[in-house]
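First residue of the sequence shown: 1, per full-length UniProt numbering; consecutive thereafter.
Beta carbons: idealized from backbone N, C-alpha and C, even for Gly.
Keep in mind the model is a prediction, meaning the values are calculated, not measured.
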Amino acid sequence: MSTPTSPAVRLLESAVLTGTVPGGIIAHGRDPEPVARGAMAVDGPPLEADAIMRIQSMTKAITAVAALRLVEQGVLALDDPVGRWLPELAAPRLLTSPGAQLDDTVPADAPITLRHLLTCTSGVGMILEESPLQRAMAERGLEAGSAPWTLPAGDWLAALGTLPLVGQPGRVWRYHHSFSVLGILLSRVTGTSLQAHLRETLFAPLGMVDIGLWVPEEKRDRLPAAYSVAGEDEEPGTGRTAADGLAGLVELEPLGGGPLVGDPGHDVSHGELVSTAADYLRFLRALRDGELVSPAHLRLLSTDQVPAAAKQPDSFFPGFWNGTGWGFGVSVVTAGAHAGRWGWSGGAGTDFFVDPDGTLGLLLTQVEMGERIFELLGAMQELPGPTA
Numbered sequence: 001m002s003t004p005t006s007p008a009v010r011l012l013e014s015a016v017l018t019g020t021v022p023g024g025i026i027a028h029g030r031d032p033e034p035v036a037r038g039a040m041a042v043d044g045p046p047l048e049a050d051a052i053m054r055i056q057s058m059t060k061a062i063t064a065v066a067a068l069r070l071v072e073q074g075v076l077a078l079d080d081p082v083g084r085w086l087p088e089l090a091a092p093r094l095l096t097s098p099g100a101q102l103d104d105t106v107p108a109d110a111p112i113t114l115r116h117l118l119t120c121t122s123g124v125g126m127i128l129e130e131s132p133l134q135r136a137m138a139e140r141g142l143e144a145g146s147a148p149w150t151l152p153a154g155d156w157l158a159a160l161g162t163l164p165l166v167g168q169p170g171r172v173w174r175y176h177h178s179f180s181v182l183g184i185l186l187s188r189v190t191g192t193s194l195q196a197h198l199r200e201t202l203f204a205p206l207g208m209v210d211i212g213l214w215v216p217e218e219k220r221d222r223l224p225a226a227y228s229v230a231g232e233d234e235e236p237g238t239g240r241t242a243a244d245g246l247a248g249l250v251e252l253e254p255l256g257g258g259p260l261v262g263d264p265g266h267d268v269s270h271g272e273l274v275s276t277a278a279d280y281l282r283f284l285r286a287l288r289d290g291e292l293v294s295p296a297h298l299r300l301l302s303t304d305q306v307p308a309a310a311k312q313p314d315s316f317f318p319g320f321w322n323g324t325g326w327g328f329g330v331s332v333v334t335a336g337a338h339a340g341r342w343g344w345s346g347g348a349g350t351d352f353f354v355d356p357d358g359t360l361g362l363l364l365t366q367v368e369m370g371e372r373i374f375e376l377l378g379a380m381q382e383l384p385g386p387t388a
């Protein structure tokens, strides 16, 4: 259990004191309790441990588990073609090269399967280099983001289905979009929204009471502000400088506001979750302790499942594949002092990991990923193991 003097709490206190983040929540240990430090916003009220945080891509572990539970119930199979439920992706074509024109395509050799979605090898995903496909994704509202809700889930998938894949299913790794597709797949397979399915089958049984695809209006005061990072000298439009301690932070969403507050009014099964630290820790403990999926599926989830040939150096940020693999919805440390650790981050400055000995690590800020946050998350990854 974390204590006010633990290395984890000291790390968070230092990050707040130096102005790296306005506030954050941290937990580290076998059965840790979350500890909050700092403020809900720049010059805002204190951040409490029950704050509802934008966890973004930490959602992927949850939807992966939901899919595996349907596999164990016989509703799905890992190598089922998803076109049965997603006709938009039933006859995929792919570019002859990543930079080719959109009409320069050939048929895919094989269908997209559930396994491909779980491993981000479906052939859809973020395009990091300028190309006709990258431009088309931006024009059609398909770029990765915290809330892809400008389009309802069905319209989003329909738009995605009009574009070619960047590579053969199973042979190319591209981040993110496979899991938005997975959310829609789970919705169609179960005949309900992703939110309703997760609430009934995971959240309610585990006592996860504050997690969901949006923040209810009556809980909006528990949603901190969200920030991006500009230059180090001044926050545009405010005159805030380094002397203020939180230099460079630009408010993206205000305290208690933004697109994640209130029912969006249409299907967001392609979206990402908000959660308290306590709720996410309940999920991690149950997953670690074998309460959610079989040992065989937990091994698949938490070990590298991506073929070596699919790990192109340009598929993600430089050096990503050095000592790292990808399981089902999480990254996996494959070499070095932390080999066997698995976990993942969220774009709003959040991160979690699970060690082979069962140690859990969780850090939730609301400052967009970048150099400012990478250093903090790196330090969290190096926290000393908890003592007995």
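Query raised in the report: At which residues does the alpha helix (DSSP H) containing F179 begin and terminate?
Result: On the sequence shown, residue 179 is found 179 positions in, with the first residue counted as 1. F179 -> alpha helix (DSSP H) spans H177 to T190.
Report task. Give the DSSP-derived three-state secondary structure of W156 in the structure shown. Result -> Counting from 1 along the sequence shown, the entry for residue 156 is found at position 156. Three-state DSSP puts W156 in a helix.
Report task. Could you say if the segment 370-385 and the segment 3-13 meet the contact criterion of at least three C-beta pairs nearer than 8 Å? Result -> yes
Query - Collapsed DSSP secondary structure at F328 in the structure displayed - result: The residue given as residue 328 occupies position 328 in the sequence shown. Looking at F328 - three-state DSSP - the assignment turns out to be coil, as it is neither helix nor strand.
Query - Cβ distance (whole Å) where L223 is taken to contact L273 below 8 Å - result: By one-based count along the sequence shown, residue 223 stands at place 223. By one-based count along the sequence shown, residue 273 stands at place 273. That pair is no contact at about 13 Å.
Query raised in the report: Measuring CB to CB, does L151 end up less than 8 Å from L102?
Result: For this step, residue 151 is matched to residue 151 along the sequence shown. For this step, residue 102 is matched to residue 102 along the sequence shown. Contact: no.
Query raised in the report: What residue from T119, P205, Q168 and R171 has the CA that sits closest to H177's CA?
Result: Position 177 of the sequence shown, counted from the first residue, corresponds to residue 177. Nearest of T119, P205, Q168 and R171 to H177, Cα basis: T119.
Query raised in the report: Does the Cβ-Cβ distance between L252 and Y227 come in under 8 Å?
Result: Stepping through the sequence shown from its first residue, residue 252 is reached at position 252. Stepping through the sequence shown from its first residue, residue 227 is reached at position 227. A contact, by the Cβ cut-off of 8 Å.
Query raised in the report: Grouping DSSP H, G and I as helix and E and B as strand, with all else coil, what is A243?
Result: On the sequence shown, position 243 is the one that residue 243 refers to. With a pLDDT of only 35 at A243, under the threshold of 50, the placement of this residue in the model should not be trusted, and no figure is reported.
Query raised in the report: Whose C-beta lies closer than 8 Å to the C-beta of P7 among residues of the same chain, with five residues either side of it excluded?
Result: Counting from 1 along the sequence shown, the entry for residue 7 is found at position 7. Excluding residues within five positions, the ones whose Cβ falls inside 8 Å are H28, L383 and P384.
Query raised in the report: Should E33 be labelled buried (16 or more other beta-carbon atoms within 10 Å of its own) or exposed?
Result: As a working note, residue 33 is residue 33 in the sequence shown. Result: exposed.
Report task. State the DSSP-derived secondary structure class of M137, mapped to helix, strand or coil. Result -> Within the sequence shown, the letter at position 137 stands for residue 137. M137 falls in the helix class under three-state DSSP.
Requested in this report: Could you tell me the boundaries of the alpha helix (DSSP H) in which E375 lies?
Outcome: Translated into positions along the sequence shown, residue 375 becomes position 375. Run containing E375: E371 to Q381, per the alpha helix (DSSP H) assignment.
Report task. Can you tell me the Cβ-Cβ gap for G358 and R299, rounded? I've got them flagged as a contact below 8 Å. Result -> Sequence index remark: in the sequence shown, residue 358 carries index 358 (1-based). Sequence index remark: in the sequence shown, residue 299 carries index 299 (1-based). That belief does not hold up - the Cβ atoms of G358 and R299 are roughly 15 Å apart, past 8 Å.
Query raised in the report: Contact check, V21 vs G349 under 8 Å by CB: the rounded distance?
Result: Taking the first residue of the sequence shown as position 1, residue 21 is located at position 21. Taking the first residue of the sequence shown as position 1, residue 349 is located at position 349. That belief holds up - the Cβ atoms of V21 and G349 are roughly 7 Å apart, short of 8 Å.
Query raised in the report: Okay, do the segment 35-52 and the segment 61-76 touch, 3+ Cβ pairs below 8 Å being the bar?
Result: no
Report task. Identify every residue that forms a DSSP beta bridge with D103. Result -> By one-based count along the sequence shown, residue 103 stands at place 103. Answer is none; D103 lacks a bridge partner.
Requested in this report: Determine the direct distance from the alpha carbon of L198 to that of T192, and round the result to whole angstroms.
Outcome: What you label residue 192 is simply residue 192 of the sequence shown in a count that begins at 1. What you label residue 198 is simply residue 198 of the sequence shown in a count that begins at 1. Between T192 and L198, the C-alpha separation is close to 10 Å.
Query raised in the report: Over what stretch of residues does the alpha helix (DSSP H) that includes H297 continue unbroken?
Result: The count along the sequence shown starts at 1 and reaches residue 297 at position 297. It spans P295 to L301 - the alpha helix (DSSP H) in which H297 sits, taken as one unbroken run.
Requested in this report: In the DSSP assignment, find the unbroken alpha helix (DSSP H) run with H116 in it and report its ends.
Outcome: Taking the first residue of the sequence shown as position 1, residue 116 is located at position 116. Per DSSP, H116 belongs to the alpha helix (DSSP H) from L114 to L118.
Report task. Enumerate in chain order the residues of its own chain whose CB-to-CB distance from E129 is below 8 Å, with the five nearest sequence positions on each side excluded. Result -> Translated into the one-based positions of the sequence shown, residue 129 becomes position 129. For E129, where only same-chain residues beyond five positions count, the Cβ hits under 8 Å are P98, G99 and D314.
**Report entry** C-beta contact flag for V330 and G340 at 8 Å
**Finding:** As a working note, residue 330 is residue 330 in the sequence shown. As a working note, residue 340 is residue 340 in the sequence shown. Result no, Cβ atoms of V330 and G340 do not sit closer than 8 Å.
Query - Best match in D304, L364 and A36 for proximity to W173 [C-alpha to C-alpha] - result: The sequence position of residue 173 within the sequence shown is 173, counting from 1. Per the Cα distances, D304.
Report task. Classify R84 as helix, strand or coil using the three-state DSSP reduction. Result -> One-based indexing of the sequence shown puts residue 84 at position 84. Of the three classes helix, strand and coil, the one that applies to R84 here is helix, per DSSP.
Report task. Could you tell me which residues DSSP puts in a beta bridge with W321? Result -> Position 321 of the sequence shown holds residue 321. None; W321 has no bridge partner.
Query raised in the report: Under a three-way DSSP split, which group does H28 fall into?
Result: Translated into positions along the sequence shown, residue 28 becomes position 28. The answer is strand: DSSP assigns H28 an E or B state.
Query raised in the report: When the Cα atoms are used, what is the spatial distance from L86 to Q168?
Result: Locating residue 86 in the sequence shown gives position 86, where the first residue counts as 1. Locating residue 168 in the sequence shown gives position 168, where the first residue counts as 1. Taking the CA atoms as reference points, L86 sits about 18 Å from Q168.
Query raised in the report: Can you name the residues that DSSP bridges to G44?
Result: Taking the first residue of the sequence shown as position 1, residue 44 is located at position 44. Beta-bridge pairing links G44 to no other residue.
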